[in-house]
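Okay, so here's the structure we're looking at.
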Amino acid sequence: MGVTGRFGRAGGTFVALTLVFVVLALPHQRALLTPLSGFWAPVELPLIVLLLAFVPRALRLLVCSVLALLLTLLTLFKLADVIALIAYWRIFDPVADWRLLGPAWDLLSASIGVLPAAALLSGILAGALLLGWLLRCALMRIARHARAALYTHAGRYAWRWAAGLYALWLIMTLAIGHSMPALSPPSPAHSSRLVVAHVHQSWHNLHELAELREAVAQHPDSDRPAEQLFSKLAGKDIVVVFIESYGRTALEDARYAPQIDHRLHEVNRELNRAGFQARSAWVRSPTVGGQSWLAHTTLQTGLWINSQRRYNWIIGSRQVPLTRLFERAGWYTVDVSPAITGDWPAGRWFGFQETLDARNLGYQGQPYNWITMPDQYTYSAFQRLELGRNDRPPLMAMISTVSSHAPWVPVPPMVPWEKVGEGRIFSQWADANDPPSVVWQDSDRVRHQYRKAIDYSLQALGSFVATYGDDDLVVLALGDHQPASIITGDQATREVPVHLMTRDREVLQAFEQWGWSRGMIPDDSAATWRMDEFRQRLIDGFSAARSGSGNESRPNG
């Protein structure tokens, strides 16, 4: 073979090795996706080459095909981790996260259109198939040349040089990583460690399910007599509002805080003029960036539901959610979920006596991309259909608003309440300004839209309470989770604001004793609860003492 042929063969092998190298060196988180990502030497590469050198020719195709499949899956897992870490601040969970494919498709298709979304998914699938084929070809080439090199003097010489240079590169990687950790991935065995992390996550989740079963078996108050439950709230309408993506970042990050703090002060003044007072604190959410139902279920059950696997198990368990306890005590329970557009089997487990969703809230206006209706309409419909009725028992309602859900485009203005009607008035703003596919090309514009959406959601909430609230209304409004890291950055907490709004002085005093601060902005001394504390706090603080306990239950800090 001539010099040109030998160089061509060596060049082809180098390209094959480079492809495998890139797959192994590819980081699994956005922070490590830098030009230096390709500098670090993955320790798995020489091990793969060594394996292929000793594979018999009869098994070469099978082994290379299996390795190509595994490396393709590894690449997809890394890309899924990048997305999951941005959206949910955790790595991808293949066992549970497949249930998110439906909501993800709904959001993607509503944001960029059905055809572009379908084209994007088709491109990902085609890319994965192409990568698998290229990897198999690359591995076959590496296997042939690595094995052939074992049987020639020049080949063995090349093996020794390659091993020595790679070992030197590996040592240099470790040295730089030790002295400059900010530049280094977790280790040169990054891909192997990532696989171990996913296996550990699955094992940990299974162990957590056992703990969850034990917690349900030991959970108190599920059999508490109806006459004792929430006796100190008798006759009150209890409304729990989850404000989508309303996190601590909105109140403290300099990019959002000036406008949001101003809005909260305005809401506080509006409430005061209507005879209401507010108390505020912080709550640690079990989720971030999405999966609001985990936060809802955590508050309802008093158990830490921080994964889809735990949610799947708890739904259908014998744990008694907060809704059923209120129903047992004589409240009429209502769920208001404008984001729900189809059947919701879990609603039966929660025990809601009525569910108002996108199908029966009566909205006749245009949707706002993925957002089925503006928050102001949701509150107006709740007032018309439930809260404003005279022939009813006290209400316990849970409202999950959606105007502050991504993509935060467009954001409507508030209109006079008497003009809301069936919502047609909101259609004029449904196509206002640029669509999400344009806005989301600019991170600063995305953050601007987030700020506007949170401002609107808070304005709608405050105006609703001040306009329609009476002496019997008790509102607990809280964020479901922090938004994705494109909004918060990588160092944000999991905490969300929570606000109490009522005219009842005894209820206000109870929350003050728990460390909640006055007004709509939690001060530096405000309490921080885990979201799973809510259920027991409400039961203990507002229920009569169990028979024979000797005194009444009182709020405790």
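Using the working numbering, read the sequence shown as starting at 1340 and increasing by one per residue.
Note that CB positions come from ideal geometry on N, CA and C, so glycine has one too.
Residue i - containing alpha helix (DSSP H), residue span
| i | result |
| --- | --- |
| residue 1847 | 1844-1852 |
| residue 1573 | Premise fails: residue 1573 is in no alpha helix (DSSP H) and is neither H nor E. |
| residue 1632 | 1631-1640 |
| residue 1652 | 1647-1653 |
| residue 1612 | 1596-1612 |
| residue 1776 | 1775-1778 |
| residue 1665 | 1661-1667 |
| residue 1385 | 1383-1392 |
| residue 1771 | Where residue 1771 is concerned, there is no enclosing alpha helix (DSSP H), given that its DSSP letter is neither H nor E. |
C-beta contact flag for residue i and residue j at 7 Å
| i | j | result |
| --- | --- | --- |
| residue 1662 | residue 1672 | yes |
| residue 1644 | residue 1625 | yes |
| residue 1617 | residue 1840 | yes |
| residue 1800 | residue 1823 | no |
| residue 1881 | residue 1571 | yes |
| residue 1747 | residue 1788 | yes |
| residue 1575 | residue 1773 | no |
| residue 1857 | residue 1615 | no |
| residue 1622 | residue 1859 | no |
| residue 1742 | residue 1795 | yes |
| residue 1826 | residue 1784 | no |
| residue 1818 | residue 1582 | yes |
| residue 1830 | residue 1627 | no |
| residue 1803 | residue 1716 | no |
| residue 1471 | residue 1419 | no |
| residue 1400 | residue 1362 | no |
| residue 1568 | residue 1668 | yes |
| residue 1813 | residue 1463 | no |
| residue 1475 | residue 1404 | yes |
| residue 1797 | residue 1606 | yes |
| residue 1764 | residue 1585 | no |
| residue 1755 | residue 1771 | no |
| residue 1587 | residue 1834 | yes |
| residue 1646 | residue 1739 | no |
Candidates the options, of which the one nearest residue i by Cα
| i | options | result |
| --- | --- | --- |
| residue 1862 | 1852, 1664, 1459, 1620 | 1620 |
| residue 1579 | 1415, 1466, 1736 | 1736 |
| residue 1709 | 1551, 1769, 1734, 1730 | 1769 |
| residue 1657 | 1720, 1677, 1692, 1557 | 1557 |
| residue 1753 | 1713, 1739, 1775, 1872 | 1713 |
| residue 1352 | 1482, 1466, 1698 | 1482 |
| residue 1866 | 1780, 1837, 1879, 1877 | 1837 |
| residue 1687 | 1707, 1659, 1706, 1678 | 1659 |
| residue 1883 | 1566, 1807, 1755 | 1566 |
| residue 1387 | 1431, 1477, 1473, 1466 | 1477 |
| residue 1354 | 1726, 1393, 1473 | 1473 |
| residue 1877 | 1791, 1444, 1640 | 1640 |
| residue 1636 | 1723, 1394, 1690, 1777 | 1690 |
| residue 1652 | 1550, 1739, 1674, 1676 | 1550 |
| residue 1706 | 1685, 1678, 1724, 1720 | 1678 |
| residue 1389 | 1416, 1484, 1682 | 1484 |
| residue 1548 | 1608, 1609, 1604, 1649 | 1649 |
| residue 1873 | 1642, 1805, 1808 | 1642 |
Unbroken beta strand (DSSP E) run spanning residue i, endpoints
| i | result |
| --- | --- |
| residue 1621 | 1616-1623 |
| residue 1860 | From DSSP, residue 1860 is part of no beta strand (DSSP E); its letter is neither H nor E. |
| residue 1736 | 1734-1739 |
| residue 1876 | Element bounds for residue 1876: not the beta strand (DSSP E) but the alpha helix (DSSP H), 1873-1881. |
| residue 1867 | 1867-1869 |
ask   = Given 8 Å as the limit, is there contact between the segment 1379-1394 and the segment 1452-1461, that is, 3 or more CB pairs closer than that?
value = When C-beta atoms of the segment 1379-1394 are compared with those of the segment 1452-1461, fewer than three pairs fall below 8 Å, so the two segments do not count as touching.
request  = Please confirm if the segment 1586-1601 is in contact with the segment 1759-1778, defined as three or more CB-CB distances below 8 Å between the two stretches.
outcome  = Segment contact: the segment 1586-1601 against the segment 1759-1778, fewer than three CB-CB distances shorter than 8 Å; contact not assigned.
message = Just to confirm the assignment: which complete alpha helix (DSSP H) runs, minimum length 4, are found wholly within the segment 1671-1724?
response = Counting only runs of 4 or more, we get 1685-1689, 1714-1721.
ask   = Counting pairs of beta carbons, one from the segment 1727-1736 and one from the segment 1696-1711, are three or more of them closer than 8 Å?
value = Flag = no, the segment 1727-1736 and the segment 1696-1711 do not touch.
ask   = Enumerated in chain order, which unbroken segments of the beta strand (DSSP E) with a length of 3 residues or greater are wholly contained in the segment 1794-1837?
value = DSSP runs (the beta strand (DSSP E)) wholly in the segment 1794-1837: 1812-1818.
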